[in-house]
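In this note's numbering, the protein residues as written are -8 to 520. Down below is the structure, laid out as structure tokens.
Next up, the structure:
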């Protein structure tokens, strides 16, 4: 193979050293480049105002090939500046011709191209690609952050909605809605008290059992028996045994007046649990029969009708024990028409004072926290008894059967299914009086500050949800900015790669021309891009 056809292979990183070692360029070519750039800066100050020149000035890239193009342009624009010898006299044209000659001297232009090629391949293009990868990673991280913020906001909002649902409010004007719920608490309690009539057979069964076992008139479930006989009367009537002539209706006027203008202003010191949730007091001890709750005169009271009629004698329940008068249904539960046990309570003597119910005595029994706690305790007592009795009936033996041969018929005829049904009725009544929304109303009634605490906690959840959405909106803005920057990097990278290809081709052609057009291959150059 002839030497003229042998290719010349040059690695990109060794290109500049190869040109210097072959004496195509000098080691101090950088000094010549610095001088050329100084002259270029001076020359561009006097340029013709034509479109192509203006575009070249905007690109601000002046290498050997650009300078040659400017000379060609100036030859056309300054063609009238020739002297009698046919030489150009235009100073700006002469300046650019000098710059071109400086480039061609010692192949400075070739050294500059090699230097640019190495820089583009090793630094410029990889840097742009790394920048694009960085933007993509930031966009991915921002999108995850946006999703997380939206999820947090949704969780806070769901927690807010769940809390308001438990309290039976919409959550628009929290304080006003809570007080509105508080005002209808007496009505709710009256509706629930009407359901207590289903417990008449249960109380009959329980008291008959206690009387049969103890053979004595032990008083049990006094408050429950009273509610079944007289209904949800005032505390005054329960204490004195007489219906008050009048009831002084009172409300939490101070609490309602405090709503004013602050129900729309969330507190900056909202007290929250670790998880931001609201404690509805499920673990709070409601006290025992001996507990007492001091309710101030400004606390919420019952809205008892002033013209309440006395219960007629025929409507009162007969609590006398009688086996012959007890009828049992198919499941062993006494019918509502059965005569029940002897009267639950002895009527207390009239206090002899004024028959005006005021303060705590104006509240209904179920509204007053003290008596409500006693009522719940009595339900728990019956529930525990029925649960234990049900277990006994499942494991009943001969001695137990013999013991109950002389028991009243209500005890003998009540089956396990009947006890199970009575237990379900008691549990349903107790759960109805212990729902979270009703507990909250009792807390608010006994402590007006509880409304402020609930309001702060709910407002804090709303604030957390809003802040999370604000962070998500900031993330969307950042993501949009990153996408714009990434979109600008792409074309810039593509243009630089295209310019590098042209640059490498020019170098290969220039070196090939110096070696009788032998093929020149620059390896590790634009191919790796």
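C-beta atoms are modelled at their ideal positions from N, C-alpha and C, and glycine is treated no differently.
The stretch 97 to 106 / the stretch 6 to 16 touching (three or more Cβ pairs under 8 angstroms): With a cut-off of 8 angstroms on Cβ pairs, the stretch 97 to 106 is in contact with the stretch 6 to 16, counting three or more such pairs.
When the Cα atoms are used, what is the spatial distance from residue 135 to residue 4? When rounded, the distance between both Cα atoms is 41 angstroms.
Evaluate residue 1 with the Cβ neighbour count: other Cβ atoms within 10 Å of its Cβ, from every protein chain shown; 16 or more gives buried, anything less gives exposed. By the neighbour-count criterion, in which 16 or more other beta carbons inside 10 Å mark a residue as buried, residue 1 falls on the buried side.
Could you tell me the alpha carbon to alpha carbon distance between residue 491 and residue 81, rounded to whole angstroms? Taking the straight line joining both Cα atoms gives about 34 angstroms.
Under 7 angstroms between C-beta atoms of residue 219 and residue 191: Yes, the Cβ-Cβ distance between residue 219 and residue 191 is below 7 angstroms.
Out of curiosity, what's the CA-to-CA distance linking residue 575 and residue 428? A question about residue 575 goes unanswered here, because the residues of the chain that appear run from -8 up to 520.
Straight-line CA distance for residue 24 to residue 115? Computed Cα separation, rounded: 20 angstroms.
Run through the stretch 133 to 181 for me and flag every whole alpha helix (DSSP H) of 4 or more residues, listed as ranges in chain order. Residue ranges of uninterrupted alpha helix (DSSP H) with 4 or more members, entirely inside the stretch 133 to 181 and ordered along the chain, are 165 to 174.
Is residue 144 closer than 7 angstroms to residue 454 when the C-beta atoms are compared? The Cβ atoms of residue 454 and residue 144 lie no closer than 7 angstroms to each other.
Please list the terminal residues of the continuous alpha helix (DSSP H) segment that includes residue 104. For residue 104, the enclosing alpha helix (DSSP H) begins and ends at 99 to 110.
My output table needs one value for residue 384: the three-state DSSP class, helix, strand or coil. Note: residue 384 maps to helix in three-state DSSP.
Pick out whichever of 50, 416, 55 and 83 has its Cα sitting closest to the Cα of residue 66. For the residues 50, 416, 55 and 83, the minimum Cα distance to residue 66 belongs to 83.
What is the rounded straight-line gap between the Cα of residue 362 and the Cα of residue 161? Take the alpha-carbon of residue 362 and the one of residue 161: they are about 30 angstroms apart.
Residue 158 burial status per 10 Å Cβ neighbour count (16 or more: buried): With 16 or more Cβ atoms within 10 Å of its Cβ, residue 158 is classed as buried.
Skipping 5 residues on each side, what residues in its chain have a beta carbon closer than 6 angstroms to that of residue 227? Excluding sequence neighbours, residue 227 sits near 235, 348 and 352.
Under DSSP, the beta strand (DSSP E) around residue 591 begins and ends at which residues? What the structure shows of the chain is the stretch from -8 to 520, and residue 591 is not part of that stretch, so it cannot be assessed.
If contact is defined by three or more beta carbon pairs under 8 angstroms, each pair taking one atom from either stretch, is the stretch 410 to 418 in contact with the stretch 188 to 205? The stretch 188 to 205 makes contact with the stretch 410 to 418: 3 or more CB pairs, one atom from each, lie closer than 8 angstroms.
CA-CA distance, residue 21 and residue 57? Cα to Cα, residue 21 sits roughly 19 angstroms from residue 57.
Alpha carbon to alpha carbon, how far is residue 474 from residue 461? Give it in angstroms, no decimals. Near 20 angstroms, if we compare the C-alpha coordinates of residue 474 and residue 461.
Could you please give the first and the last residue of the uninterrupted beta strand (DSSP E) stretch that includes residue 0? For residue 0, the uninterrupted beta strand (DSSP E) run begins and ends at -1 to 2, by DSSP.
Look at the Cβ atom of residue 172, then the Cβ atom of residue 432, and state whether they are nearer than 7 angstroms. Yes, Cβ-Cβ distance for residue 172 and residue 432 is below 7 angstroms.
Classify residue 405: buried if its beta carbon has 16 or more other beta carbons within 10 angstroms, exposed otherwise. Residue 405 should be labelled buried.
Does the Cβ of residue 26 have 16 or more other Cβ atoms within 10 Å, making it buried, or fewer, making it exposed? Looking at its Cβ environment, which holds fewer than 16 other Cβ atoms inside 10 Å, residue 26 is exposed.
Under three-state DSSP, which class holds residue 373? Residue 373 carries a helical assignment under DSSP once its states are collapsed to helix, strand and coil.
Hey, could you find the ends of the alpha helix (DSSP H) residue 23 is sitting in? Counting along the chain, residue 23 sits inside the alpha helix (DSSP H) bounded by residues 20 to 34.
Let's test the definition: count the other Cβ atoms within 10 Å of the Cβ of residue -2 and tell me whether it reaches 16, buried, or not, exposed. With fewer than 16 other Cβ atoms within 10 Å, it is exposed.
Would residue 68 and residue 39 be called neighbours here (beta carbons separated by less than 7 angstroms)? Taking 7 angstroms as the Cβ cut-off, residue 68 and residue 39 qualify as a contacting pair.
Integer Cβ distance of residue 553 from residue 446, believed to fall under 8 angstroms: Nothing about residue 553 can be read from this structure; the chain reaches only from -8 to 520.
For residue 225, which beta-bridge partners are listed by DSSP? Residue pairing by DSSP places residue 225 opposite 355 in a beta bridge.
Nearest to residue 119 (by Cα), restricted to the options 386, 477 and 381: Per the Cα distances, 477.
Since I believe residue 112 is in contact with residue 88 (beta carbons under 8 angstroms), could you give me their beta-carbon distance rounded to a whole number of angstroms? The pair is not a contact, with the Cβ atoms about 32 angstroms apart (cut-off 8 angstroms).
I'd like the list of long-range same chain contacts for residue 494, defined as Cβ closer than 8 angstroms, with 5 residues on each side in sequence excluded. 104, 107, 108 and 111, listed in sequence order.
Check residue 205 in the structure and name its three-state DSSP category. Of the three classes helix, strand and coil, the one that applies to residue 205 here is helix, per DSSP.
Alpha helix (DSSP H) containing residue 484: first to last residue? Unbroken alpha helix (DSSP H) run through residue 484: 440 to 505.
Could you check how far apart the C-beta atoms of residue 147 and residue 456 are, in whole angstroms? I think they sit under 8 angstroms. Contact flag correct, Cβ pair sits at about 4 angstroms.
Helix, strand or coil for residue 237, going by three-state DSSP, please let me know. In the structure shown, the three-state DSSP call for residue 237 is strand.
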